[in-house]
Amino acid sequence: MVELVIFVLMGAGTLAGGVTVVLARNPVRSALGLLGALVSLAVIYVVNLAHLVAAVQVVVYAGAVLTLFLFVIMFIGVDRQEDTSETIPLQRKLVAGLATVVALGGAVLVSRGRFTWTPASGEAAEIPNGTVQALGGELFTTWVLGVEVTALLLTIAAVGAIALAFHRRSAESPTED
Amino acid sequence: MPVVTPGWYMTLAAVLFVLGMTGVLIRRNALVMFMCVELMLNAVNLTFVAAGRAAGVLDGQVAVFFVLVVAAAEVVVGLAIIVAIFRRRETASVDELAALRG
């Protein structure tokens, strides 16, 4: 009952945020729509007992990533009018047709009962409780190699961003226009 | 009163993913396209959480962690590229960057 109410409210919030991201003319509004979608999703994660994931979602996504987005929007400026006309011929019709075919196929498969989300054993599986302890234990035992690799990835990303930011000072291109 | 099953969350995630994909296809501002990619990544995260719940294992939430890290790295590099392009070309529209030269 509680879950149904939260699902409806937060699902609507997520979709409203997503629609805002796609349709808003002003990139700042897009960013705020993204914020709404991310926070709504965090609530949905809590309902699914993914506590640590929800916390990280708010801190990393809604905190760090969105701040970075807003910073770059302010840096670049938001006043430029966007031209949304399509330059690739037939792209939109092709994609719309393909999406219709996929959606109809999915609807047929679901209506025939090929995809059910009840566990194979017949009774509902126990929801895994994603506490800090449980998730941390999993991350630093089974997936410790993945954690190390992602640490390397983050280092590479940081170094790459710094290299991009300071590129022009060191090597001025002769074909600069 | 209907019970919310993981399938409901899967459906929400699918709709969110299509929404993000639509944005990537119809928008021309590189920043907004990036935000739409973030929407798609979040839809996948929701799928992971719902699938982990359906299977009764914690691995779905672990996968979300790795997706989050990759998304953060992608945003850092992507925004750096957008800023670098903007400093050179004074535009963030992907249509004006059609010529593949500096």
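Sequence order for the protein chains is S and H. With our numbering as the guide, the letters of the first sequence map in order to residues 9 to 185. With our numbering as the guide, the letters of the second sequence map in order to residues 3 to 104. Glycine included, every Cβ here is placed at the ideal spot set by N, Cα and C. For clarity, every value in this text was computed on a predicted model and none was experimentally measured.
CB contact below 7 angstroms: residue i versus chain H
i        : result
S/Pro97  : no
S/Phe15  : yes
S/Leu49  : yes
S/Leu42  : yes
S/Leu78  : no
S/Gly130 : Because the pLDDT at S/Gly130 is just 48, under 50, the model does not fix this residue reliably, and the point stays unresolved.
S/Ser119 : no
S/Leu162 : yes
S/Asn56  : yes
S/Leu143 : yes
S/Thr139 : no
One or two residues paired with residue i in a DSSP bridge
i       : result
H/Asn31 : H/Ser95
Neighbourhood of residue i by C-beta, 8 angstroms cutoff - its chain only, sequence neighbours within 5 removed
i       : result
S/Phe77 : Ala39 and Leu42
H/Glu40 : Gly22, Ala73 and Val77
S/Ala58 : Gly138
H/Ile70 : Ile is not the amino acid found at residue 70 of chain H; the sequence shown has Leu there. If we look at H/Leu70 and ignore the five residues flanking it on each side, its Cβ neighbours are Asn47.
H/Leu60 : Gly54
S/Phe15 : Ile52 and Val55
Interface flag, residue i vs chain S, CB-CB below 7 angstroms
i       : result
H/Phe19 : no
H/Arg91 : no
H/Thr24 : yes
H/Val79 : yes
H/Met35 : no
H/Leu43 : no
H/Val46 : no
H/Ala32 : no
Residue interval of the alpha helix (DSSP H) (run including residue i)
i        : result
S/Arg100 : Gln99 to Ser119
S/Pro35  : Pro35 to Val55
S/Ile81  : Leu74 to Ile84
S/Leu23  : Val10 to Leu31
H/Thr7   : Run containing H/Thr7: none; DSSP gives neither H nor E here.
S/Glu134 : Careful: S/Glu134 lies outside any alpha helix (DSSP H) and carries neither H nor E.
S/Gln65  : Premise fails: S/Gln65 is in no alpha helix (DSSP H) and is neither H nor E.
S/Val157 : Val152 to Ala173
S/Gly145 : Val140 to Thr149
For residue j and residue i, the rounded distance between their alpha carbons
i        : j       : result
S/Glu184 : H/Phe67 : Here S/Glu184 scores only 48 on pLDDT, less than 50, and its place in the model is too uncertain to base an answer on.
S/Gln99  : H/Met42 : 20 angstroms
S/Glu134 : S/Thr28 : 36 angstroms
H/Ala65  : H/Val17 : 21 angstroms
Same chain, Cβ closer than 7 angstroms to residue i, neighbours up to 5 away in sequence not counted
i        : result
H/Leu14  : Leu48
S/Gly130 : With a pLDDT of only 48 at S/Gly130, under the threshold of 50, the placement of this residue in the model should not be trusted, and no figure is reported.
S/Ile84  : none
S/Gly21  : Gly44 and Ser48
H/Ala94  : Asn31, Ala32, Leu33, Ile84 and Phe88
Sequence-distant residues of the same chain with beta carbon closer than 6 angstroms to residue i, five excluded per side
i      : result
H/Pro8 : Ala52, Arg55 and Ala56
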